[in-house]
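Trainee: Structure in structure tokens, see below.
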Amino acid sequence: MKMPQVLAFLFALFAAGLGPVSADEAGLRQTIARFATAKDFKATEAVVRELAATGDPAVELVLLALADGNLFVRKSDSAVFVGKETGQSVTLSDPLTGEKVGEVAKAEITKIKVNNGLRRVIRDLLGGLTLGSTDPAARLAAADTMFRTPDAANIEALDAAIGRETVASVKTRLEQARAASILVSDRSDEDKIAAIAVVQARGDRDALSLLTAVVARSEGPVREAAEGAIVLVNSSLVLWAAGQNVWYGISLGSVLLLAAIGLAITFGVMGVINMAHGEMVMLGAYTTYVVQEVIRTSFPGLFDWSLAFALPLAFLVAGTVGLAIERGIIRFLYGRPLETLLATWGVSLILQQSVRTIFGPTNREVGNPSWMSGGFDLGQMALTWNRFWIVLFALGVFAVLLYVMKRTPWGLQMRAVTANRRMAASMGIRTPWVDALTFALGSGIAGIAGVALSQIDNVSPNLGQGYIIDSFMVVVFGGVGNLWGTLVGAMSLGILNKFLEPYAGAVLGKILVLVLIILFIQKRPRGLFALKGRAVEA
Amino acid sequence: MITGRFFASGADRRVLFTILVLLVVAVLVPVLNLAVPPDSMFHVPTFMVALVGKYLCYALLALALDLVWGYCGILSLGHGAFFALGGYAMGMYLMRQIGDRGVYGNPLLPDFMVFLNWKELPWFWYGFDQFWFAALMVVLVPGALAFAFGWFAFRSRVTGVYLSIITQALTYALLLAFFRNDMGFGGNNGLTDFKDILGFNIQASTTRSALFAASALALALAVYITWRIVGSKFGKLMISVRDAESRTRFLGWRPENIKLFAFTVSAVMAGIAGALYVPQVGIINPGEFDPSNSIEVVVWTAVGGRGTIMGPIIGALLVNTGKSYFTGALPELWLFALGGLFVCVTLFLPKGVLGLWDQWRDRGARRRAEADTPPPGDAPAIVRATPAAPAEHRALGAAPEPQPAE
């Protein structure tokens with residue numbers, strides 16, 4: 000051990016010895032020291048229970064460390080420490096205060112062994128302990144643990160906790176945990192029926208399983224009350240499940256919207272069938288990948304901002320490629336939609352193969368920034384952050400595009416060219432430029448869709464292929480040349496798909512949607528929101 | 000009499016030539032394969048017979064697409080679906096012919112059903128142990144699907160790009176459906192491990208030669224039928240629907256019926272192509288429904304020259320030979336080549352290689368005509384059904400420009 004560390008260690012001992020040590024703390028230290036002599040799991044468990052029985056929040060640190068396998072005994076003096084392994088050495092810290100004590104080699108210490116049974120005991124005990132924690136989230140977690148593993152012995156502790164609780168949401172959970180504990184106690188039927196009402200108000204799957212257990216072991220009015228509560232909980236769960244399906248549908252719909260909205264511009268406004276549209280999405284996703292690679296190697300701190308850099312770059316990359324395609328190929332094929340379709344299909348093959356040659360055929364890893372990973376609960380619905388942000392992002396892109404089309408001079412020119420090309424040209428609008436820029440805009444939007452899709456899908460050269468048919472369906476279903484139609488089309492197809500899935504399975508659901516669209520087009524060959532005009536068919 | 004008509008014009012001479020070549024090939028190649036000793040330089044190896052037989056099926060498929068696209072203006076991006084359905088009908092027959100020689104030795108159920116623990120044959124497999132029934136289904140199933148689909152689509156006047164997209168959706172939906180195991184068509188793996196066809200071993204070189212001859216004859220027959228359809232009054236109506244659908248309707252014809260007929264005939268031809276294809280390659284799986292396969296068929300037709308009878312056959316043979324070469328020698332370049340082909344053909348060769356050949360010959364003829372004294376006025380009136388680019392039918396002097404998809 001190096002000199003400064005020895006000094007620090009001595010100082011820590013000194014401070015521990017001379018500081019304002021309460022009788023409690025000295026007692027705790029004695030108990031903790033007995034971990035070193037515990038011969039088997041049973042003995043260790045006895046020490047754990049003794050520590051927990053003190054009810055002192057300070058033991059949380061040592062118990063957590065034990066559960067995680069981070070509690071060590073120093074061979075030289077049988078002192079117990081919390082350790083953190085870093086390579087060959089272990090950083091030790093005080094089991095109660097968490098102060099850093101020093102660093103030792105792995106050989107100088109032994110780990111205190113734990114098994115799953117012991118971990119469960121620790122978790123349950125911590126649930127009770129953390130009721131007194133200063134962190135509301137910890138108290139909430141404790142209440143939930145006690146709700147799931149109710150024990151009549153907890154009632155007093157819970158009563159005390161409810162009395163001093165100030166945060167309303169935590170208080171509700173504590174009351175629910177108390178109700179659960181009452182249901183397993185031998186209290187009067189009135190108390191139990193009141194408790195059932197509290198549990199029913201919670202209304203989730205945990206409440207349902209608790210109530211089912213109550214029905215199984217009780218009779219008379221309690222049983223009836225529990226049965227009634229189960230019916231109510233079930234019906235509310237059905238509603239929440241429907242809500243969850245709607246959310247999944249909106250989430251899928253927003254993905255479809257992102258993929259299709261660029262197509263709504265190029266196909267709807269210009270009448271160009273761009274089969275390479277999916278590849279624009281793919282280019283956007285690969286741009287994200289490249290940006291993240293650069294950030295990972297050069298500026299790791301900026302990783303959370305990677306998408307902010309990727310968005311404009313993806314727009315530029317896909318937009319430039321789109322501009323090149325329009326100037327190089329499509330402008331020679333105007334008025335020949337079927338030829339355009341074939342030529343752009345060829346372009347899509349070339350783009351795919353180029354990406355495969357440059358980046359390889361395998362999936363590339365694109366990471367989620369921290370603010371996009373994880374999820375949250377809304378009532379009984381589980382929402383993930385990345386889906387949530389993508390829904391918002393899709394709606395944002397839609398709003399911006401709507402603004403560009405309706406409120407800017409450029410949008411005005413685009414609409415003028417769509418409505419009457421010759422008249423627009425006579426008014427001095429340079430229609431070839433409007434065409435080129437419109438196509439670039441549609442492609443650029445596809446690029447930023449790729450940034451979003453890289454967060455939820457595999458980034459591979461085939462990424463675009465998966466979206467091209469769906470996007471066409473959305474545009475054709477919603478009606479060509481109408482952004483609102485695309486929005487309604489995407490959302491209704493997404494929600495329809497997700498509602499069919501539970502009954503028909505994912506694949507059959509998708510087939511049904513395709514068949515429905517084919518039938519729908521027979522009925523309304525121009526989609527939901529058809530443009531009205533006098534244009535004569537060719 | 001009929002030969003007189005064959006020689007009536009350039010296009011017809013070309014059709015006759017195609018039919019003759021196919022008939023000769025149908026006889027010659029099996030003979031060269033079977034009767035000529037393997038060490039002779041004229042011997043055609045069996046793998047070559049199977050390969051070219053496969054190409055002939057593709058050519059038949061391309062011709063079927065040409066009938067609707069080149070002559071009737073319906074760009075179907077789902078013709079692979081009819082091809083695959085015909086193939087599945089044939090595959091089901093071949094599957095039943097395996098009998099108890101499968102891995103599980105079940106006399107009634109194909110292997111994949113035993114594997115899925117099915118107890119009895121699904122109803123739609125009944126009858127496929129008879130060749131005549133399977134042959135009927137090869138024609139009926141694609142035909143009925145095309146008829147039903149076309150009936151709805153053409154009546155509600157779904158045209159142009161919209162039609163292309165929903166045909167693509169059709170084949171995509173079928174792709175997803177056939178991938179499912181509980182559809183009863185072998186799921187992901189499809190149908191394979193065939194043994195016999197009509198009692199002959201499917202691996203034997205005699206059977207392969209017979210299948211080759213059957214493909215060549217079928218293609219020759221299809222060329223003849225297409226030629227008769229196109230040359231008839233009905234064919235003129237098809238071309239008028241292609242070039243000016245509204246005008247045809249205003250003149251009192253029913254474009255939807257014309258299109259429906261062409262679409263159904265074409266689907267039947269595609270189904271027969273599929274049925275001949277399956278025994279030669281020995282497998283049919285849902286991958287044949289892939290929309291990209293159907294689009295590839297379009298490029299064969301476009302390369303050869305749509306709106307001609309010889310064009311799609313040349314296109315299918317050329318592109319597939321190129322594909323076999325590239326995927327063997329330079330696999331990573333094949334998609335570049337195919338993509339480039341799409342772009343170049345649409346930009347520079349709107350009439351395909353056949354159109355290029357005609358253009359080159361016309362120019363040569365004109366140059367000769369200018370050099371010599373003009374021959375006495377016996378220039379044949381060549382009536383050829385080559386499609387003019389739609390742009391040419393628009394108002395005179397209108398520059399090509401985007402049209403909103405209305």
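So the protein sequences, as listed, match chains A and B.
So that you can map any letter, position 366 of the first sequence is 365 in numbering that gives the first Met the number 0, and since no number is skipped, the others follow by simple counting.
So that you can map any letter, position 37 of the second sequence is 36 in numbering that gives the first Met the number 0, and since no number is skipped, the others follow by simple counting.
Cβ coordinates follow ideal geometry from the N, Cα and C atoms, glycine included.
Treat the numbers as computed from the prediction; the structure is a model and nothing was measured.
1. Does residue 168 of chain B come out as helix, strand or coil in the three-state DSSP assignment?
2. What residues are listed by DSSP as bridge partners for residue 190 of chain B?
3. Determine the direct distance from the alpha carbon of residue 268 of chain B to that of residue 494 of chain A, and round the result to whole angstroms.
4. Taking Cβ-Cβ distances shorter than 7 Å, what residues in chain A pair up with residue 171 of chain B?
5. With 7 Å as the limit, tell me which residues of the segment 323–338 of chain A have their beta carbon closer than that to any beta carbon of chain B; keep them in chain order.
6. Decide yes or no for the touch test of the segment 277–286 of chain B against the segment 49–64 of chain B: beta carbon pairs closer than 8 Å, at least 3 of them.
7. At a Cβ cut of 9 Å, what residues of the segment 67–91 of chain A count as close to chain B, listed as they run along the chain?
8. Quick one, which residues of the segment 401–422 of chain A are near chain B if we go by CB-CB under 7 Å, in chain order?
9. Buried or exposed: residue 114 of chain A, going by 16 or more other Cβ atoms within 10 Å of its Cβ?
10. List the endpoints of the continuous alpha helix (DSSP H) containing residue 143 of chain A.
11. Would you identify the three-state DSSP class for residue 96 of chain A, choosing helix, strand or coil?
12. Cutting at 6 Å between CB atoms, please list the residues of its own chain near residue 451 of chain A, excluding the five before and the five after it.
13. Given that residue 428 of chain A touches chain B, what residues does it touch there, using C-beta distances under 7 Å?
14. With residue 239 of chain A and residue 404 of chain A assumed to form a contact (beta carbons below 8 Å), what rounded beta-carbon distance in angstroms separates them?
15. Taking just the CA atoms, how far does residue 202 of chain A sit from residue 75 of chain B?
16. Quick check: the Cα distance between residue 255 of chain B and residue 412 of chain A, rounded to an integer number of angstroms?
17. For residue 342 of chain A, would you say it is in contact with chain B, using Cβ-to-Cβ distances shorter than 8 Å as the test?
18. On the DSSP letters alone, give me the boundaries of the beta strand (DSSP E) that residue 71 of chain A sits inside.
19. Looking only at its own chain, which residues have a Cβ that is under 7 Å from the Cβ of residue 316 of chain B, when we skip the five neighbours before and after it?
20. Determine the chain B residues that contact residue 450 of chain A at a beta-carbon separation under 9 Å, and present them in chain order.
21. Please list, in chain order, all residues of the same chain as residue 443 of chain A whose beta carbon is under 6 Å from its beta carbon, the five residues on each side excluded.
22. If I follow the unbroken beta strand (DSSP E) through residue 151 of chain A, where does it start and stop?
23. Decide if the segment 286–294 of chain A is in contact with the segment 305–313 of chain B; the criterion is three or more beta carbon pairs, one per stretch, under 8 Å apart.
24. From what residue to what residue does the alpha helix (DSSP H) around residue 165 of chain A run?
25. Considering only residues of the same chain and omitting the five flanking positions on each side of residue 21 of chain A, which have a CB-CB separation below 6 Å?
26. Thinking C-alpha only, which one of B:98, B:204, B:225, B:293 is nearest residue 261 of chain B?
27. Using a Cβ distance threshold of 8 Å, determine whether the segment 263–272 of chain A contacts the segment 453–463 of chain A, with at least three qualifying pairs required.
28. For residue 361 of chain A, decide whether its Cβ has a neighbour in chain B, counting only Cβ atoms nearer than 8 Å.
29. Would you verify that the beta carbon of residue 497 of chain A is, or is not, closer than 8 Å to some beta carbon of chain B?
30. Based on the DSSP output, what are the partners of residue 109 of chain A in its beta bridges?
31. Straight-line CA distance for residue 352 of chain A to residue 285 of chain B?
32. With 8 Å set as the bound, which would you pick, yes or no: does the beta-carbon of residue 257 of chain B sit closer than that to a beta-carbon of chain A?
33. List the residues of chain B that residue 348 of chain A touches, going by C-beta distances under 8 Å, in chain order.
34. Looking at C-alpha atoms only, which residue of A:496, A:123, A:355 is the closest neighbour of residue 147 of chain A?
35. Say whether the segment 274–290 of chain A touches the segment 413–422 of chain A, bearing in mind that this needs 3 or more beta-carbon pairs closer than 8 Å, one atom from each stretch.
36. On the premise that residue 272 of chain B lies in contact with residue 85 of chain B, defined as a C-beta separation below 8 Å, what is that separation, rounded to the nearest angstrom?
Mentor: Here's the rundown:
1. Within the second sequence, the letter at position 169 stands for residue 168 of chain B. Reduced to three states, the DSSP call for residue 168 of chain B is helix.
2. Locating residue 190 of chain B in the second sequence gives position 191, where the first residue counts as 1. DSSP, once it has assigned bridges, lists B:283 as partnering residue 190 of chain B.
3. Taking the first residue of the first sequence as 1, we reach residue 494 of chain A at position 495. Taking the first residue of the second sequence as 1, we reach residue 268 of chain B at position 269. Going by the C-alpha atoms only, they are around 39 Å apart.
4. Here residue 171 of chain B refers to the residue found at position 172 when the second sequence is read from its first residue. Using a Cβ-Cβ cut-off of 7 Å, residue 171 of chain B is close to 468, 513 of chain A, given in chain order.
5. 328, 331, 332, 333, 334, 335, 336, 337, 338
6. Short answer: they touch.
7. none
8. So the list reads 417, 420, given in the order they occur along the chain.
9. Taking the first sequence and counting its residues from 1, one reaches residue 114 of chain A at position 115. With fewer than 16 neighbouring CB atoms inside 10 Å of its own CB, residue 114 of chain A falls in the exposed class.
10. Within the first sequence, residue 143 of chain A is the residue found at index 144, counting from 1. From DSSP, the alpha helix (DSSP H) with residue 143 of chain A extends over 135–147.
11. In the first sequence, counting from the first residue as 1, residue 96 of chain A sits at position 97. It is coil, neither helix nor strand.
12. Here residue 451 of chain A refers to the residue found at position 452 of the first sequence. The beta carbon of residue 451 of chain A lies closer than 6 Å to those of 257, 389, 392 in the same chain, with the five residues before and after it left out.
13. For the purposes of this step, residue 428 of chain A is taken as residue 429 along the first sequence, with counting starting at 1. What residue 428 of chain A touches in chain B: nothing, since even the nearest Cβ is about 13 Å away.
14. Start at 1 with the first residue of the first sequence, and residue 239 of chain A comes out as number 240. Start at 1 with the first residue of the first sequence, and residue 404 of chain A comes out as number 405. Residue 239 of chain A to residue 404 of chain A, Cβ: 38 Å. No contact.
15. Numbered from 1 along the second sequence, position 76 holds the residue referred to as residue 75 of chain B. Numbered from 1 along the first sequence, position 203 holds the residue referred to as residue 202 of chain A. Taken atom to atom, the span from the alpha-carbon of residue 75 of chain B to that of residue 202 of chain A is near 54 Å.
16. As a first step, residue 255 of chain B is located in the second sequence; it is residue number 256 there, counting from the start. As a first step, residue 412 of chain A is located in the first sequence; it is residue number 413 there, counting from the start. Cα-Cα distance, rounded: 38 Å.
17. Counting from 1 along the first sequence, the entry for residue 342 of chain A is found at position 343. Yes, contact with chain B.
18. By one-based count along the first sequence, residue 71 of chain A stands at place 72. 70–73 is the span of the beta strand (DSSP E), which, as asked, contains residue 71 of chain A.
19. In the second sequence, the residue the question calls residue 316 of chain B occupies position 317. Excluding positions up to five away in sequence, the list reads 54, 58.
20. On the first sequence, position 451 is the one that residue 450 of chain A refers to. Result: empty, since nearest Cβ-Cβ is about 25 Å, beyond 9 Å.
21. Your numbering for residue 443 of chain A matches position 444 in the first sequence. Within its own chain, the residues whose Cβ lies closer than 6 Å to the Cβ of residue 443 of chain A, once the five positions on either side in sequence are excluded, are 314, 317, 318, listed in chain order.
22. For the purposes of this step, residue 151 of chain A is identified with residue 152 of the first sequence, where counting begins at 1. Taken as a continuous stretch (DSSP letters only), residue 151 of chain A belongs to no beta strand (DSSP E), as it is neither H nor E.
23. no
24. Position 166 of the first sequence, counting from 1, holds the residue named residue 165 of chain A. Annotation for residue 165 of chain A: no alpha helix (DSSP H) segment contains it, and DSSP assigns it neither H nor E.
25. Numbered from its first residue, the first sequence carries residue 21 of chain A at position 22. Per-residue confidence for residue 21 of chain A stands at a pLDDT of 47, beneath the threshold of 50, marking its modelled position as unreliable; the derived number appears in the next sentence. So no residue of the chain qualifies.
26. Against the second sequence, residue 261 of chain B aligns to sequence position 262. When each option's Cα is compared against that of residue 261 of chain B, the closest is B:225.
27. No: fewer than three Cβ pairs fall under 8 Å.
28. The count along the first sequence starts at 1 and reaches residue 361 of chain A at position 362. Not an interface residue.
29. Translated into positions along the first sequence, residue 497 of chain A becomes position 498. Not one chain B Cβ lies under 8 Å of residue 497 of chain A.
30. Taking the first sequence and counting its residues from 1, one reaches residue 109 of chain A at position 110. The partner list for residue 109 of chain A (beta bridge, DSSP) reads A:72.
31. Mapped onto the first sequence, residue 352 of chain A falls at position 353. Mapped onto the second sequence, residue 285 of chain B falls at position 286. In a straight line, the C-alpha of residue 352 of chain A is about 23 Å away from that of residue 285 of chain B.
32. As a position in the second sequence, residue 257 of chain B is number 258, starting the count at 1. Residue 257 of chain B does not count as touching chain A.
33. Against the first sequence, residue 348 of chain A aligns to sequence position 349. Near residue 348 of chain A (Cβ distances below 8 Å), the residues of chain B are 334, 335, 337, 338, 341.
34. Position 148 of the first sequence, counted from the first residue, corresponds to residue 147 of chain A. Minimum Cα distance to residue 147 of chain A is reached at A:123.
35. no
36. By 1-based counting over the second sequence, the position of residue 85 of chain B is 86. By 1-based counting over the second sequence, the position of residue 272 of chain B is 273. Going by Cβ atoms, the distance from residue 85 of chain B to residue 272 of chain B rounds to 7 Å, so yes, they are a contact pair.
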